[in-house]
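K.L.:
Below you'll find the structure I mean.
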Amino acid sequence: MEGAISSRPNTRVAVVTGGNKGIGFEVCRQLASDGEVTVVLTARDETRGTEAVEKLRALGLTDDDVVFHQLDITDESSIASLGDFLKTRFGKLDILVNNAAIAGLRIQKCYYPQDVDTNEEKFAGMDTKQRLEWMIKTVREPIDAAKKAVETNYYGTKHVTQALLPLLLQSSSSSQGKIVCVSSDYGLLKLIGDEEVRRDLDDIDNLTEERVDEVLHKFLSDFEAGALEGRGWPAGFSASKVTLVATNAFARIMARRHPTLALRVNCADPGYVKTDMTMGSGVLTPEEGACSVVGVALLPDGGPTGKYFTKGREASFV
Ligand SMILES: NC(=O)c1ccc[n+]([C@@H]2O[C@H](COP(=O)([O-])OP(=O)(O)OC[C@H]3O[C@@H](n4cnc5c(N)ncnc54)[C@H](OP(=O)(O)O)[C@@H]3O)[C@@H](O)[C@H]2O)c1
């Protein structure tokens, strides 16, 4: 593309959302260490983002490997500014990792998450179930946090994807555009009790974005009415689960709409990872979690699309 500047024109360009910490930071580090990918580490907060890039520079990565650009996935003008930057600087985008998300929770006052590692002792000897039970006891799930999660996790991801899609589709003649949505077993359809909702979201040939909007609208109105469990919505981490279900559905719609070899859209589960989102309660390190995501981002051209991967293997969305 005219005006595009890239010091390594044959390398792929990747954008990672929410790259300043946790799994996103590690995805940036691993992709940037590949030697054939220039990573645009994005973060909503400029200071946190540039500090994250500095950390990667301290590990020996250069500005051919990683650069920073601000991106708040809920802010239209921020998304547009990233699109302009990519067009001017690289003229293309090869990989988009939709990682940024929030948990849709409030932490009880007794918990101060300044450093997730300080919780290491607390979780020693606890299995996954006990750790999740501890989390449930430690958090509240108010409606305003659920609304914010829907706005960020689903609509933010969707708007970033739609805005960057033209760049991904023309990514380059030699490589396919790849989109990876970071997902979870919390996004599996079996967690949705309403049979009609479950069936519609799994009917990928006929599923529309409008139907996903309706499902999310119903979720929030049932939440507001205090009727989550009675109406078949998952209990505990409800907003996180429902937004993951919706994002999986969106990824599948995108894959259906772009079946040609120009684009691959998949979802990847990093596992239960020690990050701020899990208050350090996870059983995997961010390095281990990110590895599963990077594996899907770097699948060879011509690979699967519209699929869900867990522990590096293809699995069911249901
Ligand atoms: N941890 C797990 O066990 C686990 C399991 C399955 C799936 N996941 C998924 O993995 C992804 C990363 O989670 P994590 O555990 O690494 O969480 P995390 O440590 O809390 O990191 C979340 C990242 O998202 C960013 N973010 C939040 N809202 C944003 C916005 N509006 N615009 C741009 N960035 C925003 C955060 O930025 P700030 O620093 O500015 O807040 C942060 O960089 C999420 O999609 C999560 O659902 C996590």
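Those letters in the sequence shown? Residues 23 to 340, by my numbering. Even for Gly, the Cβ is constructed at its ideal location relative to N, Cα and C. Being a predicted model, the structure only gives us computed values, none of them experimental.
(1) Would you mind giving the Cβ-Cβ distance between D224 and F331, rounded to the nearest angstrom? I have them listed as a contact below 8 Å.
(2) With a CB to CB cut of under 8 Å and the five nearest residues on each side skipped, what residues in its chain are close to E98?
(3) State yes or no: is the C-beta of L93 nearer than 7 Å to some heavy atom of ligand 1?
(4) How big is the Cα-Cα spacing for A273 and V172?
(5) Just mark L283 as buried or exposed, buried being the case when its beta carbon has 16 or more other beta carbons within 10 Å.
(6) What's the gap between the Cα of E143 and the Cα of S303?
(7) Kindly identify the DSSP beta-bridge partner or partners of E336.
(8) Quick one, which of D207, G71, V219, G324 has its alpha-carbon nearest A337's?
(9) Please state if the CB of L63 and the CB of F90 are separated by a distance shorter than 8 Å.
(10) Keeping to the same chain, check which residues put their C-beta closer than 6 Å to that of G254; ignore five residues upstream and five downstream.
(11) Report whether the distance from the Cβ of P292 to the nearest heavy atom of ligand 1 is below 7 Å.
(12) Roughly how far, in whole angstroms, is the beta-carbon of T39 from the beta-carbon of N175, given that I think they are within contact range, below 8 Å?
(13) Looking only at its own chain, which residues have a Cβ that is under 6 Å from the Cβ of A277, when we skip the five neighbours before and after it?
(14) Give me the Cα-Cα distance between D137 and E48, rounded to the nearest whole angstrom.
(15) Answer with buried or exposed for K3, where buried requires no fewer than 16 other C-beta atoms within 10 angstroms of its C-beta.
(16) Do you know how far the Cα of D149 is from the Cα of P188?
(17) Express the C-alpha separation of A36 and D323 in angstroms, rounding to a whole number.
(18) Note the first and the last residue of the continuous alpha helix (DSSP H) segment covering A168.
P.N.:
So, to answer that:
(1) The Cβ separation is near 17 Å, so there is no contact.
(2) H181
(3) yes
(4) 16 Å
(5) exposed
(6) Taking the straight line from one Cα to the other gives about 10 Å.
(7) Looking at the DSSP output, E336 shares a beta bridge with F331.
(8) Per the Cα distances, D207.
(9) Their beta carbons are under 8 Å apart, which means F90 touches L63 by this criterion.
(10) G215, D216
(11) yes
(12) Not quite, the Cβ-Cβ distance comes to about 11 Å (not below 8 Å), so this is no contact.
(13) V287, T327, G328
(14) With a pLDDT of only 49 at D137, under the threshold of 50, the placement of this residue in the model should not be trusted; the figure read from the coordinates follows. Their Cα atoms are separated by approximately 17 Å.
(15) The question about residue 3 has no answer, for the chain in this structure spans 23 to 340.
(16) 44 Å
(17) The straight-line gap from Cα to Cα measures roughly 15 Å.
(18) 165-171
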